[in-house]
Amino acid sequence: MSVSHWINITSYFLFCPQIILELNSGRLEPVEAFLGVRYAEVVVRFGAAVVGPRWSGTRLADSMPPVCPQWLPDISNRTAALLQMPNTRYYLLKRLAPLLANQTEDCLHLNIYVPGSGESLYS
Numbered sequence: 000m001s002v003s004h005w006i007n008i009t010s011y012f013l014f015c016p017q018i019i020l021e022l023n024s025g026r027l028e029p030v031e032a033f034l035g036v037r038y039a040e041v042v043v044r045f046g047a048a049v050v051g052p053r054w055s056g057t058r059l060a061d062s063m064p065p066v067c068p069q070w071l072p073d074i075s076n077r078t079a080a081l082l083q084m085p086n087t088r089y090y091l092l093k094r095l096a097p098l099l100a101n102q103t104e105d106c107l108h109l110n111i112y113v114p115g116s117g118e119s120l121y122s
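Just so you know, we're using numbering that gives the first Met the number 0 here: the sequence shown kicks off at 0 and counts up by one.
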């Protein structure tokens, strides 16, 4: 597999295989996604972030990182939840809940989207 794109983050070179996202709208061009790119690391909880160690070679950036901790209202009982919020909010939270299952205080990752070439490395 060849790698067609690279990202330079504060002079740390990161070579990533590309993921092409075809968007549902016919008006939008494809984008390349570099997911879960670490830009710093935490040494001490609530301390300042520091630049992480350099690496060589290829780093995969093809999966979403954990999300920062978030509190969601209890939506397990639909009837009770709808007393506290409109239908649209309830269904939005129901769709988002699975995406928020993996949470961590280490939130030092970026998801980077750039205009895509339209050619996937995996096809």
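Built from N, CA and C at the ideal position, the CB exists for glycine as well.
With a threshold of 7 Å, establish whether the CB of Gln-83 neighbours any heavy atom of the ligand ZN.
The ligand ZN is absent from the structure shown, which contains no ligand whatsoever.
Classify Glu-104 as buried or exposed, calling it buried when 16 or more other Cβ atoms lie within 10 Å of its own Cβ.
Here residue 104 corresponds to residue number 105 of the sequence shown, with the count starting at 1. Under this definition Glu-104 is an exposed residue.
Going straight from the alpha carbon of Leu-71 to that of Arg-77, what length do you get?
Here residue 71 refers to the residue found at position 72 when the sequence shown is read from its first residue. Here residue 77 refers to the residue found at position 78 when the sequence shown is read from its first residue. Distance between the alpha carbons of Leu-71 and Arg-77: 14 Å.
With a CB to CB cut of under 6 Å and the five nearest residues on each side skipped, what residues in its chain are close to Cys-67?
Reading the sequence shown from its first residue, position 68 is the one you call residue 67. Here the set comprises Cys-106.
Could you please give me the residues that DSSP links to Gln-102 through a beta bridge?
Your numbering for residue 102 matches position 103 in the sequence shown. Answer is Val-66.
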